[in-house]
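These notes are about the structure you will find just below.
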Amino acid sequence: MQKHGILNSKIAKVLADLGHTDRIMIADCGLPIPREVERIDLALEFGVPSFLDVLRIVMDNMKVEQYLIASEMDSQNLPLFQEMQQLMGDIPGAYVTHERLKEYSHDVKAIIRTGEATPYANVILQSGCIF
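Position 30 (the sequence shown) corresponds to 30 in this note's numbering; numbering is contiguous.
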């Protein structure tokens, strides 16, 4: 049994398989997930687990060089936007429309679906290089 790190075997595998510039997505419970993308469904009920709880754990276990969010997040979900900005620190972020973010979701390695039930709680994380 693993002593620390991510216990969810699907998330652990996806992170271990990432190469430089590969992308994954963490999503709220309402985001449409493309059929061709691996779905890792963690949603138990509205709000559980939360977007931020999952993002914090993934960030502790993944080298992220860049992230992408919907530009609508800062006006439609300001508290989450501010907490996410603090968590991301000085990692560069890019902003696109929510529609464009959904188009980009077709090209990620996996989407981790949370129980988050607030608007625009979605992020694409781009893998960095650890050496």
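Even glycine gets a Cβ: it sits at the ideal position worked out from N, Cα and C.
message: To the nearest angstrom, how far is the alpha carbon of residue 13 from that of residue 7?
response: On the sequence shown, position 13 is the one that residue 13 refers to. On the sequence shown, position 7 is the one that residue 7 refers to. Using only the alpha carbons, I get a separation of about 10 Å.
message: On the criterion of 16 or more Cβ atoms from any shown chain inside 10 Å, does residue 133 qualify as buried, or is it exposed?
response: No answer is possible for residue 133: it lies beyond the span of the chain, which begins at 1 and ends at 131.
query: Mind checking whether the beta-carbon of residue 4 lies closer than 7 Å to any heavy atom of the ligand ADP?
result: Among the components of this structure there are no ligands whatsoever, and the ligand ADP is therefore not found.
- request: Taking residue 162 as the reference, give the member of 94, 54, 32 and 86 with the closest Cα.
  value: In the structure as shown, the chain starts at 1 and stops at 131, and residue 162 therefore has no counterpart that could be examined.
query: What number of angstroms, rounded off, separates the C-alpha of residue 102 from the C-alpha of residue 38?
result: Here residue 102 corresponds to residue number 102 of the sequence shown, with the count starting at 1. Here residue 38 corresponds to residue number 38 of the sequence shown, with the count starting at 1. Those two C-alpha atoms are separated by around 15 Å.
- request: Rounded to whole angstroms, what's the CA-CA distance from residue 77 to residue 107? Just pull it up for me.
  value: Your numbering for residue 77 matches position 77 in the sequence shown. Your numbering for residue 107 matches position 107 in the sequence shown. Rounded to the nearest angstrom, the two C-alpha atoms are 25 Å apart.
- prompt: Within 10 angstroms of its Cβ, does residue 116 collect 16 or more other Cβ (buried), or is it exposed?
  reply: In the sequence shown, the residue the question calls residue 116 occupies position 116. Its Cβ being crowded by 16 or more others within 10 Å, residue 116 is buried.
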